[in-house]
Structures are given as C-alpha cells and as structure tokens.
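K.L.:
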Amino acid sequence: MPLQVYNTLSRSKEVFKPLVPNHISFYLCGPTVYNYIHIGNARSTVAFDTIRRYLEYRGYTVNFISNFTDVDDKIIKAAKEEGVSAEDIANKYIAAFYEDTGKLNVKPATKNPRVMENIPDIIEFISDLVDKGFAYESSGDIYFRTEKFEDYGKLSNKSIDELLHGASGRLEDDLSERKESPIDFALWKAVKAADEVSWDSPWGRGRPGWHIECSVMATKYLGNTIDIHAGGQDLEFPHHENEIAQSESHSGHPFAHYWLHNGFVTIGEAEDKMSKSLGNFVLLRDLLAETDPMVVRYLLSSVHYRRPLRYDETALNDAKHQVVRLREVLRKLNYRLSQDNANHLEGDAAIQAALSQAVTDFTQAMDDDFQVGNGLSVVFDLVKQINIYLEQSDVSQTSLLAMKSTLVELLEIFGLDLDAEETTVEDDIQALIDERNQARKDKNFARADEIRNHLKAQGIILDDTPQGTQWKRVDEL
Ligand SMILES: [Zn+2]
Numbered sequence: 001m002p003l004q005v006y007n008t009l010s011r012s013k014e015v016f017k018p019l020v021p022n023h024i025s026f027y028l029c030g031p032t033v034y035n036y037i038h039i040g041n042a043r044s045t046v047a048f049d050t051i052r053r054y055l056e057y058r059g060y061t062v063n064f065i066s067n068f069t070d071v072d073d074k075i076i077k078a079a080k081e082e083g084v085s086a087e088d089i090a091n092k093y094i095a096a097f098y099e100d101t102g103k104l105n106v107k108p109a110t111k112n113p114r115v116m117e118n119i120p121d122i123i124e125f126i127s128d129l130v131d132k133g134f135a136y137e138s139s140g141d142i143y144f145r146t147e148k149f150e151d152y153g154k155l156s157n158k159s160i161d162e163l164l165h166g167a168s169g170r171l172e173d174d175l176s177e178r179k180e181s182p183i184d185f186a187l188w189k190a191v192k193a194a195d196e197v198s199w200d201s202p203w204g205r206g207r208p209g210w211h212i213e214c215s216v217m218a219t220k221y222l223g224n225t226i227d228i229h230a231g232g233q234d235l236e237f238p239h240h241e242n243e244i245a246q247s248e249s250h251s252g253h254p255f256a257h258y259w260l261h262n263g264f265v266t267i268g269e270a271e272d273k274m275s276k277s278l279g280n281f282v283l284l285r286d287l288l289a290e291t292d293p294m295v296v297r298y299l300l301s302s303v304h305y306r307r308p309l310r311y312d313e314t315a316l317n318d319a320k321h322q323v324v325r326l327r328e329v330l331r332k333l334n335y336r337l338s339q340d341n342a343n344h345l346e347g348d349a350a351i352q353a354a355l356s357q358a359v360t361d362f363t364q365a366m367d368d369d370f371q372v373g374n375g376l377s378v379v380f381d382l383v384k385q386i387n388i389y390l391e392q393s394d395v396s397q398t399s400l401l402a403m404k405s406t407l408v409e410l411l412e413i414f415g416l417d418l419d420a421e422e423t424t425v426e427d428d429i430q431a432l433i434d435e436r437n438q439a440r441k442d443k444n445f446a447r448a449d450e451i452r453n454h455l456k457a458q459g460i461i462l463d464d465t466p467q468g469t470q471w472k473r474v475d476e477l
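Encoded structure:
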C-alpha cells in the first residue's frame with residue numbers, strides 16, 4: 001500500500017504523490033510571536049514534526065518552511081506595553097520558540113522566514129494582484145476582490161453566495177465602506193506615517209495584512225505549487241482559503257496539492273478548545289519547567305494529528321507511564337549489551353524476522369494517514385518481545401544491537417530521544433551499585449544495606465536480578 005494522506009481539499013484520503021519524486025515541499029503556518037507558545041501551538045508544531053520525520057524515514061527529502069508572523073497588531077501592542085520595539089518583541093519570542101520546541105526535540109525548519117525580511121516580495125506580489133484585477137486600492141489600503149476568484153471557498157466548502165449572505169446580516173465594521181464587497185479582505189493596510197511598524201509602498205505608508213505573508217513566503221521558498229500545506233484546523237477558514245485565492249490568482253496554478261489540518265487541544269471537563277483568546281491555556285514553558293520534555297513530546301505526538309488532543313492530568317500520567325516503559329527497556333538493553341557474556345551467541349533468525357515484521361507493520365500503520373496510535377501499538381508489541389528476550393540468561397550481542405537500533409529508529413520518528421548517554425549521576429549510581437556488590441561478596445552486609453538505603457533516600461530502587469543489579473527511579477514505578 002502506498003502512503004495515503006487525508007486531504008482537506010477533497011475531504012478524503014488520497015495516495016500521496018509528490019511533484020518531484022522523493023522530494024517534498026512542505027509549508028506550515030507558524031506562530032505569531034508576541035508571547036510564549038501554549039500547548040495548543042506546540043501540538044501543531046509537534047504533530048507536523050512527527051509527520052515530517054516519518055516522511056524522512058520513508059526516504060523523502062523534505063524542504064520544510066514555516067513562517068514567523070512578526071508583523072501583527074498584537075506584537076505592536078505588546079511592544080508598546082513593554083516599551084520596546086516590535087522587532088525586540090518578535091526576537092524575544094522567536095528565541096523562546098526555538099528554546100521551547102528544541103526541548104521537545106522538534107527539528108529545525110529548513111527556513112523560518114519572517115515578514116519583516118520579506119516586505120519587498122510582499123509588495124511585489126500585491127502589485128501583481130492589483131495589475132491582474134484581483135485586488136484594488138481604497139484609501140491607501142489594498143483589498144482582495146474575493147468574488148473575482150471563482151473557486152473561493154473550495155477548501156472550507158463554502159460558496160461565495162453563502163458567504164455574502166452571512167456577511168449581509170452582520171454589523172458594518174469601520175472598514176466596510178472602504179471595501180467593494182463585505183467578503184473582500186485586506187492585503188495591505190495604510191498606517192499613519194508616525195507608526196514605527198510600516199513601510200513605503202506604491203500605495204503609501206503601510207504594512208501587510210496577515211494572509212498575504214504565507215502566500216508570498218510559500219511561493220518564494222517552495223514555488224508556485226507545493227506538495228503539502230499544513231496548519232491548525234482553525235486556519236482552514238479564512239486564512240488558508242485566502243492564501244489559495246491570493247496564490248492561485250497570482251500564479252494561475254494550483255497552490256498546494258495536499259492540505260493537512262491538525263485538531264485542537266482540549267482542556268478541562270467540558271473539553272474546551274485551548275486558546276489564548278479563551279484564556280484557558282497552559283504555556284509550554286510552564287509545563288516543561290515541571291515535566292520531563294520527553295513525556296510532553298510523547299503526549300503531543302501520540303494522538304492522531306486530526307483528532308482533538310485532550311490535555312489533563314490523566315493524559316500526562318499515561319504519557320509518563322509509556323515513556324518509563326520505553327526508557328526501562330532501553331536501559332535493560334544497554335545493560336545486557338554492556339555485559340561481556342553477551343558476545344558469544346550468533347544473531348537469532350527469529351529475532352530478525354520479528355524485527356522486520358515490526359517495521360512492516362509500523363510502516364503500514366503510518367502510511368494510512370499517519371496513524372500514530374497504531375504505529376505505537378506496534379512499537380509496544382516490540383517492547384514486549386524485547387523484554388521476553390531480555391529474560392533469557394544467554395543473549396546474542398547481534399540480536400540485542402538489532403533490537404536496539406530498530407527501537408531507537410522507530411522512536412526517533414516520534415521525536416523520542418530516550419536512549420540517554422550515561423550521565424554523571426548515572427555513573428555515580430553505578431559506582432555505588434558496584435561497591436555494594438563487592439560488599440555483599442565480602443559479606444559486609446552492613447555496608448551493602450547502607451548503600452541500598454542511601455540510594456533509596458534519593459529515590460533509587462535496586463533490583464537484584466539473575467543478570468545483575470539494576471536500578472529504577474521510584475517516581476518511575
Ligand atoms: Zn499561514
């Protein structure tokens with residue numbers, strides 16, 4: 001079965017076929033950088049990072065572009081409140097974005113273009129739309145002539161008539177008298193010359209509207225037609241609809257072949273959507289201050305991207321439990337690999353067969369529109385098999401290595417880096433365990449107990465197995 005993705009444009013699963021074999025152009029709408037990102041924002045970032053990682057695992061080269069909206073009324077407001085420039089606000093929260101998502105092991109984009117760096121391209125793009133009759137000037141603003149783009153509404157399944165009907169019942173806003181039609185939207189907004197965040201244009205001083213930046217940046221960095229355009233489900237209308245209208249009127253070509261939208265994060269009993277405007281958000285930064293980043297990464301990447309993701313204590317605890325199971329099996333693998341007697345046996349053909357079956361099953365699950373839940377079931381079945389193997393007194397180094405590399409490779413797709421290098425703390429623990437084992441051999445049980453109690457006081461529990469002494473942290477039990 002080939003890779004299939006659910007395309008919002010057709011409301012169906014389609015066989016994925018990139019424009020250029022083995023290459024994928026991928027555009028993801030990024031954050032408006034006026035605050036730290038919350039878990040709802042992080043969900044979008046992580047969901048599409050996981051999809052990108054899977055596409056790369058499948059052998060595609062992914063050109064991944066994701067913008068930072070650094071020109072926006074909310075940024076200008078934050079700048080005024082803090083008494084700094086809008087650029088300072090943007091720089092601060094872009095640095096925070098990299099820091100926070102870096103902890104979640106999100107791969108850096110190929111490029112994160114910013115509006116401020118692309119103003120000449122934006123002006124050129126708008127001028128072209130004006131020249132082609134798709135946009136018009138009004139009091140220094142430029143508006144898109146929505147009714148001229150006949151396909152308007154094709155992504156969100158709305159018709160121009162329906163939209164006009166909906167708009168007619170609404171109260172007139174203060175810009176409505178500048179527009180030819182209530183469903184026209186701004187490409188460029190005139191501002192007073194005194195406003196710091198503005199640029200000269202053929203239509204006077206102003207700044208771009210929001211939607212235009214994504215059309216310009218996607219086209220500039222990926223071409224007139226791109227393979228995958230992604231973003232949160234709340235962006236489907238009007239943002240993505242407007243992007244299509246602008247881009248296709250500009251180039252005369254289809255803008256994006258596959259539109260992927262991620263579901264919301266919900267919070268609380270009522271399962272409300274987490275959002276800044278509703279004020280019920282949890283900042284990623286605050287969660288990371290008290291939670292293992294890999295637990296957060298697991299939570300955000302283990303739910304299918306289109307489904308709502310419920311954020312609560314139970315979900316976090318479930319994620320924690322799974323991460324502990326994964327860390328535990330890797331620790332046991334490393335332990336058996338470190339033992340000298342692991343070298344003697346040949347690789348086990350049955351293990352090899354089980355590993356290739358796991359990879360086949362995993363790929364089949366993920367090829368079906370990135371069904372991460374089914375993919376993780378395969379991973380945990382594999383963990384069970386590895387645990388059974390690790391119970392044996394004789395194991396082969398070849399089989400251990402093969403199991404470890406398959407497991408690590410699959411976990412990497414979820415951004416889960418759980419095979420941590422032995423840290424100094426872990427070296428210290430191991431040194432104490434070695435000392436205790438020596439004490440037991442010497443029948444110095446007082447010292448052996450002292451070490452066990454010393455470790456226990458630090459939350460480290462020892463387990464004397466036939467394969468030697470192993471340890472766990474008590475909060476992982
Ligand atoms: Zn966008």
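Using the UniProt record's numbering, the first residue of the sequence shown is number 1, and each one after it goes up by one.
Glycine included, C-beta positions come from ideal geometry on N, C-alpha and C.
Small disclaimer: the values here were computed from a predicted structure and weren't measured.
Looking only at its chain, what residues have a beta carbon closer than 7 Å to the beta carbon of Asn105, apart from the 5 residues adjacent to it on each side?
P.N.:
For Asn105, same chain residues with a beta-carbon under 7 Å away, outside a window of 5 residues either side, are Arg297, Gly415, Asp417 in chain order.
K.L.:
Measuring alpha carbon to alpha carbon, tell me which residue in Asp292, Asp312, Ala109, Ser302 is nearest Asn280.
P.N.:
Asp312
K.L.:
So, at 6 Å on beta carbons, what are the nonlocal neighbours of Pro18 in its own chain, with the 5 sequence-adjacent residues on each side left out?
P.N.:
Apart from the 5 residues on each side of it in sequence, Pro18 sits with its Cβ closer than 6 Å to the Cβ of Ile24, Asp227 in its chain, given in chain order.
K.L.:
Count the other CB atoms within 10 Å of the CB of Pro31; is the residue buried (16 or more) or exposed (fewer)?
P.N.:
By the 16-neighbour rule on beta-carbons within 10 angstroms, Pro31 is buried.
K.L.:
With distances taken between CB atoms, is the gap from Trp203 to Trp188 smaller than 8 Å?
P.N.:
Yes, they are a contact pair.
K.L.:
For Lys13, write down the residues that DSSP places opposite it in a beta bridge.
P.N.:
Tyr6
K.L.:
Since I believe Leu390 is in contact with Val46 (beta carbons under 8 Å), could you give me their beta-carbon distance rounded to a whole number of angstroms?
P.N.:
In fact, because the Cβ distance is near 30 Å, the residues do not count as touching under 8 Å.
K.L.:
Going by the C-beta, is His239 closer than 7 Å to any heavy atom of ligand 1?
P.N.:
yes
K.L.:
Looking at the unbroken beta strand (DSSP E) that takes in Asn136, where does it start and where does it end?
P.N.:
Residue 136 is actually Tyr in this sequence, not Asn. Start and end: 135-138.
K.L.:
Please work out which residues of its chain come closer than 6 Å, Cβ to Cβ, to Glu426, disregarding the five sequence neighbours upstream and downstream, and give them in chain order.
P.N.:
none
K.L.:
Would you list the one or two residues that DSSP bridges to Glu62?
P.N.:
It is Val, not Glu, that sits at residue 62 in the sequence shown. In DSSP, Val62 forms a bridge with Ile24.
K.L.:
In or out: Asp109 buried (at least 16 other Cβ within 10 Å) or exposed?
P.N.:
Strictly speaking, residue 109 in this sequence is Ala, with Asp absent from that position. Ala109 comes out buried.
K.L.:
Ignore the nearest five residues each way along the sequence and tell me which others in Ser176's own chain have a CB closer than 8 Å to its CB.
P.N.:
Pro182
K.L.:
Taking 5 Å as the limit, name every residue whose beta carbon sits nearer than that to some heavy atom of ligand 1, in sequence order.
P.N.:
Cys29, Cys214
K.L.:
Have a look at Phe370, Lys404, Glu435, Thr469 and flag the residue whose alpha-carbon is nearest the alpha-carbon of Tyr57.
P.N.:
Nearest C-alpha to Tyr57 among Phe370, Lys404, Glu435, Thr469: Phe370.
K.L.:
Taking only three categories from DSSP, how would you classify Val41?
P.N.:
Note that residue 41 corresponds to Asn in the displayed sequence, not to Val. Three-state DSSP puts Asn41 in a helix.
K.L.:
According to DSSP, is Leu288 helix, strand or coil?
P.N.:
helix
K.L.:
Quick check on Ile388: buried or exposed, where buried means 16 or more other Cβ atoms within 10 Å of its Cβ?
P.N.:
Ile388 counts as exposed, since fewer than 16 other C-beta atoms from the protein chains shown sit within 10 angstroms of its C-beta.
K.L.:
Kindly identify the DSSP beta-bridge partner or partners of His261.
P.N.:
Gly231
K.L.:
Is there contact between the region 302-312 and the region 56-71, where contact requires at least three CB pairs shorter than 8 Å?
P.N.:
no
K.L.:
Please classify Arg325: does DSSP put it in a helix, a strand, or coil?
P.N.:
Looking at Arg325 - three-state DSSP - the assignment turns out to be helix.
K.L.:
With DSSP collapsed to three states, give me the class of Phe185.
P.N.:
Strand at Phe185.
K.L.:
Are the Cβ atoms of Leu382 and Ala358 separated by less than 8 Å?
P.N.:
yes
K.L.:
Does the distance from the C-beta atom of Arg310 to that of Thr363 stay below 8 Å?
P.N.:
no
K.L.:
Could you name each continuous alpha helix (DSSP H) segment of 4 residues or more that falls completely within the region 288-317, going from the start of the chain to the end?
P.N.:
293-301
K.L.:
Using only the alpha-carbon positions, how far apart do Ser249 and Ala354 sit?
P.N.:
53 Å
K.L.:
Which residues mark the beginning and the end of the alpha helix (DSSP H) in which Asp88 is found?
P.N.:
Counting along the chain, the alpha helix (DSSP H) containing Asp88 begins and ends at 86-103.
K.L.:
Between Thr8 and Leu155, is the Cβ-Cβ spacing less than 8 Å?
P.N.:
yes
K.L.:
When we look at the beta-carbon of Glu422 and count the other beta-carbons within 10 Å, is it buried (16 or more) or exposed?
P.N.:
Here Glu422 scores only 45 on pLDDT, less than 50, and its place in the model should not be relied on; the value that follows carries that caveat. Glu422 is exposed by the Cβ-count criterion.
K.L.:
Is it the case that the Cβ atoms of Lys107 and Asp49 are separated by a distance below 8 Å?
P.N.:
yes
K.L.:
Going by Cα to Cα distance, which pick from Glu450, Arg285, Glu213 is closest to Pro123?
P.N.:
One detail in the question is off: residue 123 reads as Ile in this sequence, not Pro. Ranking the options by Cα distance to Ile123, first place goes to Glu213.
K.L.:
Assuming Val191 contacts Val71 under a Cβ cut-off of 8 Å, what Cβ separation, rounded to an integer in Å, is found between them?
P.N.:
At roughly 11 Å, the Cβ-Cβ gap does not stay under 8 Å, so Val191 and Val71 are not in contact.
K.L.:
With H, G and I counted as helix, E and B as strand and the rest as coil, what does DSSP make of Gly279?
P.N.:
coil
K.L.:
If you drop the 5 nearest sequence neighbours on each side, which residues of the same chain put their C-beta closer than 7 Å to that of Gly140?
P.N.:
Ala190, Trp203, Gly204, Gly206.
K.L.:
Hey, how far is the Cα of Glu236 from the Cα of His454?
P.N.:
Distance between the alpha carbons of Glu236 and His454: 57 Å.
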